[in-house]
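> Residues 2 to 247 in our numbering are what the sequence shown spells out, letter by letter.
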Amino acid sequence: MTAPNRNALWARTFADELARTGIDAVCIAPGSRSTPLTEAFDRHDDIETFSHLDERSAAYFALGRARRTGEVTPIVCTSGTAAANFHPAVIEASQARVPMLVLTADRPPELRDSGANQTVDQEKLYGGAVRWYKDMPEPEATDRKLRSLRTTAARAVSEATGVDAGPVHLNFPFRKPLEPTYVEGDVPADLDPEALDGRSGSRPYVKTTAGAPELSDDHLRKLADDLAVDRGLVVAGPADPPGFNA
């Protein structure tokens, strides 16, 4: 993998790892601060991008696609109030246990809480509605940081699609240059191939195994007793998994 600067390398590495976990589409609400992420997803051959000018529409599109496919469709936006417009869909995804991955761009730490334009407090913006939140470190072109980034990408998808499926929020701070312009010396030439390009065979960097919920014998007996009636009523809600046939 090549990149003209550390922001581009950071975002491209993250996009590559998401693709390795099975992500095949991303919904983008374009903005300046999120340019590295937008460019990274747009240039990846295995990821389809959907562009929405309105963040609320983008979030609900991703929510609907996840309901239909059962797979995560990450959503990307710039910093500031753009991220707040994702909130209604995040709450709905949380309540319905629909997998969702929210990727918000942010100002670097020194521009936070400083009155800078398009800057709000994005730390844990969605509160308890997300299954996992991480304020991402600033981009660094080092083996250790790139390995950690790949691990975070894999874990984010696992958390969003786990037993208690729902939204995951990753907040990415970026400094300028946001566009993929060349910065001399920004990306070392001797980076470890596995950190730079991922594991061989398109494998995810890490694989997370989650336990499956099981009913105890007592619960099974109670369920059998509840169903042992002449005329019963089964109520199926909208959270039925894809492919379920009533």
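From the three backbone atoms N, C-alpha and C, an ideal C-beta is built for every residue, glycine too.
(1) May I ask you to list the residues that DSSP assigns as paired with His170?
(2) Per DSSP, which one or two residues make a beta bridge with Thr50?
(3) Quick check: what's the CA-CA separation for Arg108 versus Ser80?
(4) Count the other CB atoms, across all protein chains shown, that sit within 10 Å of the CB of Leu197; report buried if there are 16 or more and exposed otherwise.
(5) Quick one: is Leu224 buried, meaning 16 or more other Cβ sit within 10 Å of its Cβ, or exposed?
(6) To test your reading of the DSSP string, which unbroken alpha helix (DSSP H) runs of 4 or more residues are found completely within the stretch 168 to 220?
(7) Per DSSP, Val77 is paired with what?
(8) For Leu179, tell me which candidate among Gly32, Arg21, Phe15 has the shortest Cα-Cα distance.
(9) Ignore the nearest five residues each way along the sequence and tell me which others in Ala59's own chain have a CB closer than 6 Å to its CB.
(10) Below 8 Å on the Cβ atoms is my guess for Arg132 versus Pro168; work out the distance and round it to an integer in Å.
(11) Could you tell me the distance, in whole angstroms, from the CA atom of Arg68 to the CA atom of Tyr127?
Inspection of the coordinates gives the following:
(1) Within the sequence shown, residue 170 is the residue found at index 169, counting from 1. Per DSSP, Val103, Tyr134.
(2) As a first step, residue 50 must be located in the sequence shown, where it is residue number 49. Answer by DSSP bridge pairing, in chain order: Val27.
(3) Start at 1 with the first residue of the sequence shown, and residue 108 comes out as number 107. Start at 1 with the first residue of the sequence shown, and residue 80 comes out as number 79. Cα-Cα distance, rounded: 7 Å.
(4) For the purposes of this step, residue 197 is taken as residue 196 along the sequence shown, with counting starting at 1. Result: buried.
(5) Taking the first residue of the sequence shown as 1, we reach residue 224 at position 223. Its Cβ having fewer than 16 others within 10 Å, Leu224 is exposed.
(6) 194 to 198
(7) Along the sequence shown, one-based indexing puts residue 77 at 76. Ile29, Leu104, per the DSSP bridge assignment.
(8) Taking the first residue of the sequence shown as 1, we reach residue 179 at position 178. Comparing Cα-Cα distances from Leu179 to each of Gly32, Arg21, Phe15, the minimum goes to Gly32.
(9) Translated into positions along the sequence shown, residue 59 becomes position 58. The answer, listed in chain order, is Cys28, Ala30, His53, Ile76.
(10) To locate residue 132, count along the sequence shown from 1; it is residue 131. To locate residue 168, count along the sequence shown from 1; it is residue 167. Arg132 to Pro168, Cβ: 7 Å. Contact.
(11) Here the question's residue 68 lines up with position 67 in the sequence shown. Here the question's residue 127 lines up with position 126 in the sequence shown. Whole-angstrom Cα-Cα distance: 20 Å.
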